[in-house]
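Numbering (the working numbering), first residue to last: 1385 to 1588.
Right, one structure below, let's go through it.
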(Lines of atoms letter the chains of each structure in order from A and count residues from 1; the text may use other names and numbers.)
(Lines give C-alpha, C1' and ligand atoms only; values in the text may rest on other atoms or scores of the structure.)
Protein backbone atom coordinates (compact mmCIF):
# COMPACT_ATOMS: atom_id res chain seq x y z
CA UNK A 1 0.00 0.00 0.00
CA UNK A 2 1.52 3.34 -1.01
CA UNK A 3 1.61 6.38 1.23
CA UNK A 4 -1.36 8.09 -0.49
CA UNK A 5 -3.61 5.07 -0.02
CA UNK A 6 -2.51 4.68 3.59
CA UNK A 7 -3.28 8.35 4.29
CA UNK A 8 -6.73 8.03 2.69
CA UNK A 9 -7.44 4.95 4.84
CA UNK A 10 -6.48 6.83 8.02
CA UNK A 11 -8.71 9.76 7.06
CA UNK A 12 -11.69 7.43 6.48
CA UNK A 13 -11.14 5.77 9.87
CA UNK A 14 -10.98 9.16 11.56
CA UNK A 15 -14.23 10.27 9.92
CA UNK A 16 -16.01 7.06 10.92
CA UNK A 17 -14.76 7.36 14.50
CA UNK A 18 -15.98 10.94 14.62
CA UNK A 19 -19.45 9.97 13.36
CA UNK A 20 -19.79 7.17 15.93
CA UNK A 21 -18.60 9.43 18.74
CA UNK A 22 -21.02 12.15 17.65
CA UNK A 23 -23.99 9.77 17.62
CA UNK A 24 -23.09 8.51 21.07
CA UNK A 25 -22.84 12.05 22.40
CA UNK A 26 -26.24 12.86 20.87
CA UNK A 27 -27.91 9.93 22.67
CA UNK A 28 -26.32 10.82 25.97
CA UNK A 29 -27.38 14.43 25.61
CA UNK A 30 -31.05 13.61 24.99
CA UNK A 31 -33.14 14.62 28.00
CA UNK A 32 -35.32 12.05 29.74
CA UNK A 33 -38.93 13.28 29.76
CA UNK A 34 -40.06 14.49 33.17
CA UNK A 35 -43.63 13.58 34.19
CA UNK A 36 -45.90 16.59 34.59
CA UNK A 37 -47.46 17.38 37.95
CA UNK A 38 -51.01 16.17 38.59
CA UNK A 39 -53.21 19.23 38.27
CA UNK A 40 -56.07 17.50 40.14
CA UNK A 41 -54.03 16.60 43.22
CA UNK A 42 -56.08 17.15 46.38
CA UNK A 43 -55.38 20.20 48.53
CA UNK A 44 -56.11 20.16 52.27
CA UNK A 45 -58.35 23.02 53.41
CA UNK A 46 -59.02 22.06 57.03
CA UNK A 47 -57.92 19.50 59.59
CA UNK A 48 -59.62 19.57 62.99
CA UNK A 49 -61.53 17.32 65.40
CA UNK A 50 -65.24 17.72 64.65
CA UNK A 51 -66.07 16.39 68.15
CA UNK A 52 -64.54 19.53 69.68
CA UNK A 53 -66.86 21.93 67.85
CA UNK A 54 -68.98 24.09 70.18
CA UNK A 55 -70.71 26.43 67.72
CA UNK A 56 -71.46 26.33 64.01
CA UNK A 57 -72.76 29.18 61.86
CA UNK A 58 -73.84 28.71 58.25
CA UNK A 59 -74.82 31.39 55.76
CA UNK A 60 -76.22 31.12 52.26
CA UNK A 61 -76.98 34.43 50.53
CA UNK A 62 -79.06 36.40 53.06
CA UNK A 63 -80.03 33.40 55.24
CA UNK A 64 -77.99 32.66 58.37
CA UNK A 65 -78.44 29.96 61.00
CA UNK A 66 -76.34 29.40 64.13
CA UNK A 67 -76.09 26.31 66.30
CA UNK A 68 -74.54 25.58 69.69
CA UNK A 69 -73.73 22.30 71.34
CA UNK A 70 -75.45 21.40 74.59
CA UNK A 71 -74.03 18.17 75.95
CA UNK A 72 -74.19 15.77 73.04
CA UNK A 73 -76.99 17.55 71.20
CA UNK A 74 -77.22 20.55 68.92
CA UNK A 75 -79.77 23.32 69.33
CA UNK A 76 -80.49 26.53 67.47
CA UNK A 77 -78.63 29.42 69.08
CA UNK A 78 -80.84 31.69 71.18
CA UNK A 79 -83.62 29.15 71.56
CA UNK A 80 -84.33 25.72 72.95
CA UNK A 81 -85.38 24.40 69.56
CA UNK A 82 -83.45 21.27 68.56
CA UNK A 83 -81.30 21.70 65.47
CA UNK A 84 -81.21 19.38 62.50
CA UNK A 85 -78.49 17.38 64.25
CA UNK A 86 -77.90 14.97 61.39
CA UNK A 87 -77.24 17.80 58.93
CA UNK A 88 -75.02 19.73 61.37
CA UNK A 89 -72.94 16.64 62.20
CA UNK A 90 -72.61 15.65 58.54
CA UNK A 91 -71.43 19.14 57.60
CA UNK A 92 -68.92 19.18 60.47
CA UNK A 93 -67.42 15.78 59.69
CA UNK A 94 -66.87 16.66 56.02
CA UNK A 95 -65.47 20.13 56.73
CA UNK A 96 -63.08 18.83 59.42
CA UNK A 97 -61.21 16.81 56.77
CA UNK A 98 -62.06 18.89 53.73
CA UNK A 99 -59.87 18.73 50.63
CA UNK A 100 -60.23 20.62 47.38
CA UNK A 101 -58.78 20.31 43.89
CA UNK A 102 -57.14 22.61 41.34
CA UNK A 103 -55.53 25.06 43.74
CA UNK A 104 -55.09 28.55 42.26
CA UNK A 105 -52.45 30.66 43.99
CA UNK A 106 -52.69 34.44 44.42
CA UNK A 107 -55.99 34.71 42.57
CA UNK A 108 -58.26 37.65 41.92
CA UNK A 109 -61.08 36.65 44.28
CA UNK A 110 -63.65 38.60 42.26
CA UNK A 111 -63.31 36.11 39.39
CA UNK A 112 -64.48 33.29 41.65
CA UNK A 113 -67.27 35.04 43.55
CA UNK A 114 -65.14 35.14 46.69
CA UNK A 115 -64.56 38.88 47.06
CA UNK A 116 -68.10 38.90 48.44
CA UNK A 117 -68.73 35.21 49.30
CA UNK A 118 -72.09 33.68 48.44
CA UNK A 119 -71.94 31.53 51.55
CA UNK A 120 -69.77 30.59 54.50
CA UNK A 121 -69.40 28.14 57.35
CA UNK A 122 -67.77 29.12 60.65
CA UNK A 123 -66.83 26.48 63.23
CA UNK A 124 -65.56 27.41 66.70
CA UNK A 125 -63.78 24.71 68.72
CA UNK A 126 -63.61 24.29 72.49
CA UNK A 127 -60.14 25.87 72.58
CA UNK A 128 -61.48 29.07 70.99
CA UNK A 129 -59.93 28.48 67.57
CA UNK A 130 -62.00 29.27 64.49
CA UNK A 131 -62.25 27.55 61.11
CA UNK A 132 -64.01 29.57 58.41
CA UNK A 133 -64.87 28.37 54.92
CA UNK A 134 -65.87 30.82 52.19
CA UNK A 135 -68.04 29.72 49.26
CA UNK A 136 -68.04 31.50 45.90
CA UNK A 137 -69.51 30.80 42.47
CA UNK A 138 -70.13 27.41 40.93
CA UNK A 139 -67.57 26.20 38.40
CA UNK A 140 -68.46 26.73 34.71
CA UNK A 141 -69.82 23.18 34.37
CA UNK A 142 -71.46 23.28 37.84
CA UNK A 143 -69.52 20.28 39.18
CA UNK A 144 -68.22 22.18 42.21
CA UNK A 145 -67.97 25.46 44.10
CA UNK A 146 -64.97 27.75 44.27
CA UNK A 147 -63.99 27.91 47.93
CA UNK A 148 -61.18 28.96 50.25
CA UNK A 149 -60.07 28.82 53.83
CA UNK A 150 -60.60 32.40 55.07
CA UNK A 151 -57.22 32.30 56.84
CA UNK A 152 -55.15 30.84 54.00
CA UNK A 153 -54.21 31.95 50.48
CA UNK A 154 -55.39 30.24 47.33
CA UNK A 155 -58.70 29.07 45.91
CA UNK A 156 -59.80 25.47 45.40
CA UNK A 157 -62.86 23.61 44.15
CA UNK A 158 -65.07 21.57 46.49
CA UNK A 159 -68.02 19.26 45.67
CA UNK A 160 -71.32 20.85 44.72
CA UNK A 161 -73.15 18.75 47.32
CA UNK A 162 -71.42 20.53 50.21
CA UNK A 163 -72.57 23.94 48.96
CA UNK A 164 -76.10 22.60 48.50
CA UNK A 165 -76.11 21.26 52.08
CA UNK A 166 -74.98 24.64 53.43
CA UNK A 167 -77.86 26.32 51.60
CA UNK A 168 -80.36 23.76 52.90
CA UNK A 169 -79.22 24.04 56.52
CA UNK A 170 -79.18 27.85 56.45
CA UNK A 171 -82.78 27.89 55.24
CA UNK A 172 -84.12 24.98 57.27
CA UNK A 173 -82.18 24.63 60.55
CA UNK A 174 -84.78 22.85 62.70
CA UNK A 175 -84.98 19.17 63.46
CA UNK A 176 -87.55 17.63 61.10
CA UNK A 177 -90.80 16.73 62.81
CA UNK A 178 -91.30 13.03 63.45
CA UNK A 179 -94.16 11.89 61.23
CA UNK A 180 -97.19 10.49 63.05
CA UNK A 181 -97.67 6.85 62.08
CA UNK A 182 -100.89 6.09 60.27
CA UNK A 183 -103.29 3.79 62.15
CA UNK A 184 -103.20 0.19 61.03
CA UNK A 185 -106.61 -0.97 59.80
CA UNK A 186 -108.02 -3.86 61.91
CA UNK A 187 -110.69 -6.40 61.05
CA UNK A 188 -113.99 -6.09 62.90
CA UNK A 189 -114.40 -8.80 65.49
CA UNK A 190 -117.74 -10.43 66.40
CA UNK A 191 -119.36 -9.26 69.63
CA UNK A 192 -118.62 -11.41 72.65
CA UNK A 193 -121.32 -13.73 73.99
CA UNK A 194 -123.37 -16.57 72.58
CA UNK A 195 -124.25 -16.01 68.95
CA UNK A 196 -127.96 -15.95 68.16
CA UNK A 197 -129.63 -18.33 65.73
CA UNK A 198 -128.64 -18.03 62.15
CA UNK A 199 -131.06 -16.27 59.87
CA UNK A 200 -133.60 -18.65 58.40
CA UNK A 201 -133.19 -21.26 61.16
CA UNK A 202 -136.62 -22.16 62.66
CA UNK A 203 -137.00 -21.60 66.38
CA UNK A 204 -138.48 -24.61 68.26
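The C-beta atom is built at its ideal place from N, Cα and C for all residues, glycine as well.
Using 10 angstroms around the beta-carbon of residue i, count the other beta-carbons present and answer buried if the total reaches 16, otherwise exposed.
i            : result
residue 1497 : buried
residue 1455 : exposed
residue 1501 : buried
residue 1462 : exposed
residue 1513 : exposed
Report yes if the CB atom of residue i is closer than 7 Å to the CB atom of residue j, and no otherwise.
i            : j            : result
residue 1521 : residue 1436 : no
residue 1439 : residue 1505 : no
residue 1538 : residue 1492 : no
residue 1550 : residue 1484 : no
What does the alpha-carbon distance come out to for the pair residue i and residue j?
i            : j            : result
residue 1530 : residue 1474 : 20 Å
residue 1526 : residue 1541 : 11 Å
residue 1568 : residue 1464 : 34 Å
residue 1452 : residue 1427 : 29 Å
residue 1560 : residue 1543 : 25 Å
residue 1459 : residue 1431 : 24 Å
residue 1499 : residue 1471 : 27 Å
residue 1565 : residue 1548 : 30 Å
residue 1523 : residue 1562 : 37 Å
residue 1528 : residue 1447 : 21 Å
Name the residue from the options whose alpha carbon lies nearest to the alpha carbon of residue i.
i            : options                   : result
residue 1481 : 1540, 1561, 1429 and 1549 : 1429
residue 1433 : 1462, 1476, 1463 and 1469 : 1476
residue 1546 : 1485, 1559, 1560 and 1479 : 1479
residue 1457 : 1524, 1495, 1568 and 1467 : 1467
residue 1558 : 1427, 1431 and 1450       : 1450
residue 1487 : 1548, 1472, 1447 and 1425 : 1425
Cβ pair count under 8 Å reaching 3, the stretch 1532-1540 against the stretch 1517-1524: yes
Validate contact between the stretch 1542-1561 and the stretch 1426-1443 using beta carbons, cut 8 Å, 3 pairs: yes
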